[in-house]
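All residue numbers for the sequence shown refer to the working numbering, where the first residue is 659 and numbers rise by one. First the structure, in the form of structure tokens, and then the observations on it.
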Amino acid sequence: MKKWLALAATAVLGASLLISGCGSSTNNASSSGSKEVLKIAANPVPHAEILEQVKPILAKEGVDLQIVEFTDYIQPNMALSSHEVDANFFANVPYQNNYNKDHGTNFVSFAPVHIEPLAIYSQKIKDLKDLPNGAKVAIPSDPTNSARALLLLQSAGLVTLKDPTGLTNTPFDVTSNPKNIQIVELEAAQIPRSIQDLDAAVINANYALPAGLNPTKDGLFVEKADSPYANLLSVNPGDENKPAIQKLAKALQSPEVKKFIEEHYKGAIIPAF
Numbered sequence: 659m660k661k662w663l664a665l666a667a668t669a670v671l672g673a674s675l676l677i678s679g680c681g682s683s684t685n686n687a688s689s690s691g692s693k694e695v696l697k698i699a700a701n702p703v704p705h706a707e708i709l710e711q712v713k714p715i716l717a718k719e720g721v722d723l724q725i726v727e728f729t730d731y732i733q734p735n736m737a738l739s740s741h742e743v744d745a746n747f748f749a750n751v752p753y754q755n756n757y758n759k760d761h762g763t764n765f766v767s768f769a770p771v772h773i774e775p776l777a778i779y780s781q782k783i784k785d786l787k788d789l790p791n792g793a794k795v796a797i798p799s800d801p802t803n804s805a806r807a808l809l810l811l812q813s814a815g816l817v818t819l820k821d822p823t824g825l826t827n828t829p830f831d832v833t834s835n836p837k838n839i840q841i842v843e844l845e846a847a848q849i850p851r852s853i854q855d856l857d858a859a860v861i862n863a864n865y866a867l868p869a870g871l872n873p874t875k876d877g878l879f880v881e882k883a884d885s886p887y888a889n890l891l892s893v894n895p896g897d898e899n900k901p902a903i904q905k906l907a908k909a910l911q912s913p914e915v916k917k918f919i920e921e922h923y924k925g926a927i928i929p930a931f
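Encoded structure:
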């Protein structure tokens, strides 16, 4: 009798393990069938807002897009370099090329999405012709946007540069400054908060918009639409060919995103595709 009970118990245990094994296999299949998580570092405006528009597109293709917001231009690249995120969306090619050179990274940038027109703003004057002699004019301090701002000041007739079309000019390359303006370099995010202490300021659109400034309405002088500074995706080398990244790039250049940019930003942000 005891022997029979032992055999029965063994049979029950075996059946239990078999059922358990079948259940485990089902769970694994369920896990493999779940959406692939894709983490993207972005500035809040307009990058994160644009990314929100592609979430439903990617969800239909099995990708769970998660947006990690940063308010500066440094942390998105640090997060990408340390593989905390799969890609970032905040910068342009000249900026990323300069970052790669200075930090020994090899980020690959592709899929241009939009242009954020740089503009000159002021709370003290309504026309650049009224800019006083010796005026304090702020520009971004990072090398790429500093050079870009100097080109804008040159286009506005305020300065002349050693290399009139160069993307690496610094304030030391100003060869003519008729109004003797004082060029003040500040961290880009800080400029909108400091505008009341300045005569004028060159502000990136992604920082101007949250501050209530629209380049097409409030800018005294605005960068042309053929700017080479389109914002695009950046990834670590080799990741540009990953299916989820390719799906993201395609979604960001979709008709839905183009329509959103045109209707939501009304010229303050311009599609680059």
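A virtual CB, placed ideally from N, CA and C, is assigned to each residue, including glycine. Quantities reported herein were computed from a predicted structural model and do not represent experimental measurements.
| query | result |
| --- | --- |
| Option nearest Ile732 by Cα separation, candidates Ala866, Glu845, Val880 | Glu845 |
| Minimum C-alpha distance to Ala907 - residue among Asn758, Gln840, Ile708 | Ile708 |
| Segment contact flag, the stretch 876 to 894 with the stretch 760 to 767, C-beta cutoff 8 Å, min 3 pairs | yes |
| Close-in-space but distant-in-sequence residues of the same chain around Gln934 (CB under 6 Å, 5 per side omitted) | This structure leaves residue 934 out entirely; the chain is present only between 659 and 931. |
| Residue nearest to Glu719 in terms of C-alpha spacing, selected from Val751, Asn835, Ala902, Pro929 | Ala902 |
| Supposed contact pair Ala930 and Ile778 - C-beta distance, whole angstroms, cut 8 Å | Going by Cβ atoms, the distance from Ile778 to Ala930 rounds to 22 Å, so no, they are not a contact pair. |
| Sequence-distant residues of its chain with Cβ nearer than 8 Å to Phe879 (five each side left out) | Ala777, Ile778, Leu786, Leu810, Ser813, Ala814 |
| Val832 versus Asn838, Asn758, Thr818, Leu825, residue with shortest Cα-Cα distance | Thr818 |
| Secondary structure of Gln812, DSSP reduced to three states | helix |
| Sub-8 Å separation of Ala807 and Asp857 beta-carbons | no |
| Test item: CB-CB of Asn862 and Asn899 under 8 Å | no |
| Backbone CA spacing between Ser682 and Tyr887 [nearest angstrom] | Any answer about Ser682 is weak, because its pLDDT of 31 lies below 50 and its placement is not dependable; what the coordinates show is given next. Distance between the alpha carbons of Ser682 and Tyr887: 51 Å. |
| Nearest to Ala745 (by Cα), restricted to the options Ala706, Pro714, Gly762 | Ala706 |
| Which residues DSSP lists as bridging Asp831, in chain order | Note: Asp831 sits in no beta bridge, so no partner. |
| Cβ-based neighbour list, Asp722, same chain, cut-off 6 Å, excluding 5 preceding and 5 following | Lys693, Val695 |
| 8 Å CB neighbourhood of Gly672 in its chain, flanking five on each side removed | Summary for Gly672: the model assigns pLDDT 41, below 50, so the residue's position carries little reliability, and this model does not support an answer. |
| Gln754 - containing alpha helix (DSSP H), residue span | 751 to 761 |
| Distance, Ile841 Cα to Ala717 Cα | 47 Å |
| Where Asn827 falls, given that 16 or more other Cβ within 10 Å makes a residue buried | buried |
| Test: Thr802 CB closer than 8 Å to a CB of chain C | This model lacks chain C altogether, as it is built from one protein chain only. |
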